[in-house]
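In terms of the numbering used here, the sequence shown opens at residue 22 and continues consecutively. Below is one structure; the comments refer to it alone.
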Amino acid sequence: MPITRVCIASETFLPLIGGSEKQAFLQSKCLRERGMETTIITMHFQRECPVYEVLEGVPVLRVARGILIWRDLLPGVLRRFCYLLALSVLGWQLWQRRHTYDILHVFQFSLFTLPALFVCRLAHKPLVVGMRNDSPLSQRGRRAHSWSDLDGLAHLGRPVLRLINHQLWLAQARILVLSTHMRSSLKHYGLDGAITHLLPNGVDIARFTPHPEHEEPLTVVCVARFRHQKGIDVLLCAWSLLVEQLPAARLLLVGDGPLFASLQRLVEELKITDSVEFVGMCANVAQQYQRGSIAVLPSRWEGMPNALLEAMACGRACVATRVSGSADLLFREEHGLLVEPEDRNGLAAALWLLLTDPELVRRYGQAARQHVEQHYTLPRLMDKQQELYEDLLMHYHQKKGLRKIDKKWRENHKKEIA
């Protein structure tokens, strides 16, 4: 069987660090280890990054640098126009390179998907679209402020959404959703014409593994990007309530982001500086998880949080908000505790319960590790993704063969008539 060539298109990529970027890189490496050829194509947002490089064996191509490096200096309307222009450059690059890949896998279901959709329709290439982010039904319509998820597509209006849905159906695209909640999101936006597959993120359980001997007493770890989505402000408010009862408790915040300075100010205003440590960006995240026996993720919305998966793989007892992805991972609260988003009192109560009950922490930690081993290991999930690629290619080859037969029949029929 010939080697399958997969082009993975991701709007952003390393050195920008997030769940989507990490999974794109992790999956690309894993597919190459399985004998596939994978290439990543992404937007060139950071001028210091090279146009082309090879990262741990994975070729990475960045496009539209000349347009995007000026984007942040422009007012809103021109900034959006620059992004649309960059998307056209991306589409042209995908079209020019159409003979170098067999499958196009887009890692966001957003405006970024549209050039790939049109290229695949014209080039008769299989298209896989991964939906990476979701929002609670209660927040839809209020959070539609970016082009980074389905809410951004909703800005285009219902007629355009119906057109996109029809094009996805014609292209026979496959949409990968990370959680059960995402299926209802697609239906809500009228984007359920394509075949959907539930395929969550995977985790490297050899790298993220329990080490109880490294645990520091009464320590809670939170690994997240410091942005509004992650709800770190809610966590800090909950923590201020908690340390009144447990002054010896410590919170480790691992990460960085645009809200770093404002979160530091909030810690000072709440007078909890002695119990909160800003660790910053860390290359060895697993080591940070192992410092505490409890992990927390207070997100306002999610897709399938890598941070929660990694914490569970490390055998941490977890507290998370009841949002897409997190609710699947902590199903029925058998592997951790769930609280509602924005509920600082509920979050404080859940953390207090775990911090005061070591046996419950041990039980949740063991159940979390076992759950990840059974359902969320990277090889298991990549087996399913590889099977999807093979089925999709087989379907397209059969379809291509039928087109050739039909074309030959028409030519013979014309000759007979002549």
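All C-beta atoms in this analysis are idealised placements derived from N, C-alpha and C, irrespective of residue type, glycine included.
Proximity below 7 angstroms, CB of residue i to CB of residue j
i      : j      : result
Ala338 : Val382 : yes
Val244 : Val306 : yes
Thr294 : Val288 : yes
Arg55  : Val72  : no
Glu323 : Gly346 : yes
Asn186 : Leu212 : yes
Leu372 : Val340 : yes
Arg92  : His65  : no
Val241 : Ile315 : yes
Val81  : Met57  : no
Asn222 : Gln44  : yes
Ala175 : Leu263 : no
Leu267 : Leu402 : no
Leu280 : Arg312 : no
Arg100 : Val255 : no
Bridge-paired residues (DSSP) for residue i
i      : result
Thr60  : Cys28
Glu74  : Val81
His13  : Since the displayed the chain opens at 22 and closes at 439, residue 13 lies outside it and no answer follows.
His218 : Leu197
Ala341 : Leu318 and Leu359
Arg271 : Thr240
Phe299 : Leu274
Val224 : Thr398
Proximity to residue i [Cα-Cα], best of the options
i      : options                           : result
Glu331 : Leu399, Asp295 and Leu284         : Leu399
Arg228 : Gln309, Pro319, Tyr410 and Phe34  : Gln309
Arg246 : Ser200, Leu284 and Thr230         : Leu284
Gly214 : Trp116, Leu220, Arg353 and Ser205 : Ser205
Arg297 : Gly313, Leu274, Gln311 and Arg312 : The question names Arg, but residue 297 in the sequence shown is Val. Of Gly313, Leu274, Gln311 and Arg312, the residue nearest in Cα terms is Leu274.
Glu290 : Leu47, Cys258 and Gly178          : Cys258
Leu52  : Gln407, Ile62 and Leu189          : Gln407
Ala348 : Gly173, Pro326 and Leu174         : Pro326
Gly278 : Ile253, Ala269, Glu236 and Leu182 : Ile253
Leu76  : Glu42, His418, Trp260 and Gln419  : Glu42
Ile62  : Glu69, Arg68 and Leu35            : Leu35
Met203 : Gly178, Asp172 and Pro231         : Asp172
Thr33  : Ile24, Gly367 and Phe46           : Phe46
Ser200 : Gly97, Tyr417, His416 and Tyr397  : Tyr397
Arg115 : Gln395, Tyr410, Phe139 and Gly40  : Reading off the sequence, residue 115 comes out as Leu, not Arg. When only C-alpha atoms are compared, the closest one is Phe139.
Cys303 : Cys70, Arg286, Gly276 and Ala282  : Gly276
Ile24  : Arg100, Asn366 and Thr121         : Thr121
Leu395 : Arg286, Leu132 and Leu350         : The amino acid occupying residue 395 in the given sequence is Gln; Leu does not appear at that position. Measuring from the Cα of Gln395, the nearest candidate turns out to be Leu350.
Leu358 : Pro379, Leu374 and Glu74          : Leu374
Own chain partners of residue i with C-beta closer than 6 angstroms, once the 5 adjacent residues on each side are dropped
i      : result
Phe130 : Val150 and Met152
Val127 : Ala30, Thr134, Ala137 and Val150
Cys141 : Leu125, Leu148 and Ala192
Ile38  : none
Ala334 : Val224, Ile226, Phe229 and Val393
Lys251 : Ala245 and Ser320
Gln48  : none
Ala144 : Arg119
Leu197 : Gly151, His218 and Leu220
Ile216 : Arg195
Arg161 : Reliability fails at Arg161, whose pLDDT of 45 lies under 50, so the model's placement of it is uncertain and no value is given.
Gly336 : Pro231, Gly386 and Arg390
Arg271 : Thr240 and Ser296
Glu236 : Ser314
Other residues of its chain near residue i: CB distance less than 8 angstroms, five sequence neighbours each side excluded
i      : result
Ile88  : Cys103, Leu106, Ala107 and Val110
Leu413 : Ile124, Pro147, Val149 and Arg195
Ala388 : Glu355 and His356
Ala269 : Pro238 and Leu239
Trp190 : Gly214 and Ala215
Glu411 : Thr25
Ser167 : The pLDDT assigned to Ser167 is 40, lower than 50, so where the model puts this residue is not dependable; a value taken from the coordinates is nonetheless given after this. Contacts found: Gly173.
Nonlocal neighbours in the same chain, by C-beta distance under 7 angstroms from residue i, ignoring five residues either side
i      : result
Phe352 : none
Thr59  : Val27, Ile29, Ser49, Leu52, Arg53 and Val79
Gly112 : Pro136, Phe139 and Val140
Ile90  : Arg68
Gln419 : none
Leu95  : Cys103
Distance cut-off 6 angstroms: residue i Cβ against heavy atoms of the ligand FAD
i      : result
Ser283 : Inclusion of the ligand FAD in the displayed structure is not the case, the ligand content being empty and no account of it being possible.
Short CB-CB distance (under 7 angstroms) between residue i and chain D
i      : result
Tyr397 : This model lacks chain D altogether, as it is built from one protein chain only.
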